[in-house]
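S.K.: Position in the sequence shown (from 1) plus 5 gives the number in the working numbering. Using N, Cα and C, we set each Cβ at its ideal position, and we do this for glycine too.
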Amino acid sequence: MRRYLFLIVFIIFSVTGWAKGKDGYVVATSEAVRADAAWMKVVDALVKKHKADVIFYKENIGELQKPLRQLRPRFVAFVEKPEFLNREYVMEGHRMSRRVDEDIYADYLWGIITGFSAEDAMRLVDRSREPFLIRTALNTTCEMSDGKYFTRFAFMNDGSNGPGWWGEKNETTKETQHYQLNKWRILDKWVEKYKELDPDLLVTSSHATEHNLEMPFSVGNLKADAGRLYADFMTREYLNGTSHPRVYFAAGNCLIGNVDNDPNSMAVGWLSGMNATAMVGYVVTTWYGRNGWGGLKYWAANAGRLTLAQAIYLNQQDMLHTEFGWYPEMLTVDYPFSAGAFAEDSEFKKLFRQATGNLPTKDQKGFVHDRDVVVLYGDPAWDVKLKNPAPLGYKVDFKMKGKQCVVTIITNEYFDGALMKGGKLKQEHVTDIPFAYYFPKRVANPRLAGGQKWDIAVAEDFLLLYNCDFEKNKKYTIVLDINE
6 MRRYLFLIVF
16 IIFSVTGWAK
26 GKDGYVVATS
36 EAVRADAAWM
46 KVVDALVKKH
56 KADVIFYKEN
66 IGELQKPLRQ
76 LRPRFVAFVE
86 KPEFLNREYV
96 MEGHRMSRRV
106 DEDIYADYLW
116 GIITGFSAED
126 AMRLVDRSRE
136 PFLIRTALNT
146 TCEMSDGKYF
156 TRFAFMNDGS
166 NGPGWWGEKN
176 ETTKETQHYQ
186 LNKWRILDKW
196 VEKYKELDPD
206 LLVTSSHATE
216 HNLEMPFSVG
226 NLKADAGRLY
236 ADFMTREYLN
246 GTSHPRVYFA
256 AGNCLIGNVD
266 NDPNSMAVGW
276 LSGMNATAMV
286 GYVVTTWYGR
296 NGWGGLKYWA
306 ANAGRLTLAQ
316 AIYLNQQDML
326 HTEFGWYPEM
336 LTVDYPFSAG
346 AFAEDSEFKK
356 LFRQATGNLP
366 TKDQKGFVHD
376 RDVVVLYGDP
386 AWDVKLKNPA
396 PLGYKVDFKM
406 KGKQCVVTII
416 TNEYFDGALM
426 KGGKLKQEHV
436 TDIPFAYYFP
446 KRVANPRLAG
456 GQKWDIAVAE
466 DFLLLYNCDF
476 EKNKKYTIVL
486 DINE
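1) Taking the straight line between their C-alpha atoms, what separation do you get for K446 and D466?
2) From A126, V81 and F357, pick the residue whose C-alpha is nearest to that of A43; which is it?
3) Can you tell me which residues form a DSSP beta bridge with A441?
4) Which one of Q359, K400 and N144 has the shortest CA to CA distance from Y199?
5) Please confirm whether A314 and L391 have their CB atoms less than 8 angstroms apart.
6) Mapping DSSP to helix, strand and coil, what is P268?
7) Between D437 and Q321, what straight-line distance do the alpha-carbon atoms span, to the nearest angstrom?
8) Taking the straight line between their C-alpha atoms, what separation do you get for L336 and F329?
9) Pop quiz: Y382 and A231 are said to be a contact at Cβ under 8 angstroms. What is the actual Cβ separation, rounded to whole angstroms?
10) Put Q457 into one of helix, strand or coil per three-state DSSP.
11) Pick helix, strand or coil for V338, following the three-state DSSP scheme.
12) Unbroken beta strand (DSSP E) runs of length 3 or more, entirely within the stretch 77-108: which are they?
13) In terms of alpha-carbon separation, which member of P365, V264, I487 and H434 lies closest to K302?
14) Please go through the same chain and pick out, in chain order, the residues whose beta-carbon is closer than 6 angstroms to the beta-carbon of F137, but skip the five residues on each side of it.
15) Return the residue from the list H374, M405 and D421 that minimises the CA-CA distance to M96.
16) Per DSSP, what kind of secondary structure is Q185 in: helix, strand or coil?
17) Cα separation between G22 and K408?
18) Could you pull the start and end residues of the beta strand (DSSP E) that A159 belongs to?
19) If you reduce the DSSP assignment to three classes, tell me which class Y110 lands in.
20) Mind reading off the beta-carbon distance from D131 to A464? Whole number of angstroms is fine, and I expect it under 8 angstroms.
21) G422 by DSSP, collapsed to three states: which one?
22) Counting along the chain, where does the beta strand (DSSP E) carrying V130 start and finish?
23) In the DSSP assignment, the beta strand (DSSP E) including D254 goes from what residue to what residue?
24) I66 by DSSP, collapsed to three states: which one?
25) Give the DSSP bridge partners of F137, in chain order.
26) Work out the CA separation of D112 and A462 for me, nearest whole Å.
27) Per DSSP, what kind of secondary structure is G398 in: helix, strand or coil?
28) Among all the DSSP beta bridges, which residues are the ones paired with M405?
29) If I follow the unbroken alpha helix (DSSP H) through E148, where does it start and stop?
30) Go ahead and pull the three-state DSSP assignment for G294.
31) Under the rule that 16 or more other beta-carbon atoms within 10 Å means buried, what is A236, buried or exposed?
32) Can at least three beta-carbon pairs, one atom from the stretch 60-74 and one from the stretch 32-47, be found at a separation below 8 angstroms?
33) Alpha carbon to alpha carbon, how far is F342 from D368? Give it in angstroms, no decimals.
34) Is the Cβ-Cβ distance between E88 and N266 less than 8 angstroms?
35) Which of helix, strand or coil does DSSP assign to T327?
36) How long is the line joining the alpha carbons of E489 and A449, rounded to whole angstroms?
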């Protein structure tokens, strides 16, 4: 039965306890969507797909805090038209996810379903119905340029220094071959390889705004127009989408994830014109890079294990744990983006000092800046993973035994401790990461059982294990006390 929870002036709850038990799914949407039959088909499709509850807001998503606390879902999909999406929507979405219970962590995985049209938004729902393994990629960063995660792959260096270069590999070459390229031709090469590969994954990191992506810096441009993207050559070349699922990961681009209340934005163009089933990107200018690059690092280090949404989520919980370790009061400080570019720094220092009694370091400023500004577009329950280039180096066993949860990690001869820590991917932005595990089911109030010395962060949905120098062919056990 469809279960709608209407929120206008007051809230009427269906008496269901947690949404769909303890691992439930909630669709959150606006009265504007509710009044539009085409967009409500997207909501209905998600309800049917996940047996979801639906909650409505009238003015802003902050109205949903109370129903989310009562339903306690594990997944939330926000369905909204692009003209109502902006950076404040995303930042409030993150903050709201941490206010469901009393701990410092986010309490559900969440994403936004949108598009230039309702039909485009529906594509995000339909193409994420089945698990998907990434096999082909087009990358414009130096990171992952060895192509080891992909059977077919090409990359271009979109950096600002020196001449351009590019590389590719396929089933025949096995290893990436590298070539020099005049930087003025990088965009031409990118378009050529985009059409040739029809990639499952696209990764970018160069200068961007809500309306363009420089490829490379200050030379070539991709631009948005009416839900499509085009290469800004002498004659515009509009790019076609794809017939298969696709992920776009804007790991280091400024602003490209911000719809900015504009259906003609780059984010909408990637989702609608380029047919991305999921997209990750910043909604503000980025200089520190911990959230975007951290999400990619978690996904790559856990290839074959973590979904895209899980990787994004676990990286963000790691960030929260780090901030809390510096100063618990840091988590009460929101970065003052509204102060404007010239006043942000002084205003942030004032807020930070008021909260902690100290001035921030560069890292502390970067963590607060990045905390709430990376967005996931797409279904947060979609099982999309990178392909591990080698046999998985360990397995994890999860068991519930009365008032305890036991997590056992068993390594084998393929175990690579350096890879588990992130393999040095973008190490200047993201240092070594912990062992990360997203529980297969939610557990109640987990905490480390007595007699153990593990350095952990743990909540109802995850376990992060720090400073663990695992070895090959060993077994490690973490015992958590829980509430039944």
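M.R.: For this structure:
1) 7 angstroms
2) A126
3) L469
4) N144
5) The answer is no: Cβ separation not under 8 angstroms.
6) coil
7) 14 angstroms
8) 7 angstroms
9) 18 angstroms between Cβ atoms; not a contact.
10) coil
11) Residue state, collapsed to three classes: coil.
12) Those beta strand (DSSP E) runs which fall completely within the stretch 77-108 and span 3+ residues are 80-84.
13) H434
14) P250 and V389
15) H374
16) strand
17) Any reading at G22 must be qualified, since the residue scores a pLDDT of 39, below 50, and its modelled position is unreliable; no value is offered.
18) R157 to M161
19) coil
20) Rounded, the Cβ-Cβ distance is 32 angstroms, inconsistent with contact.
21) helix
22) Not the beta strand (DSSP E): V130 falls in the alpha helix (DSSP H), residues A123 to D131.
23) A quick correction: the sequence has Phe, not Asp, at residue 254. From DSSP, the beta strand (DSSP E) with F254 extends over V252 to A255.
24) helix
25) V389
26) 14 angstroms
27) In the three-state reduction of the DSSP assignment, G398 falls in the coil class, being assigned neither a helical nor a strand state.
28) C410
29) No alpha helix (DSSP H) contains E148, which DSSP labels as neither H nor E.
30) DSSP places G294 in coil when its eight states are reduced to three.
31) buried
32) yes
33) 17 angstroms
34) yes
35) helix
36) 7 angstroms
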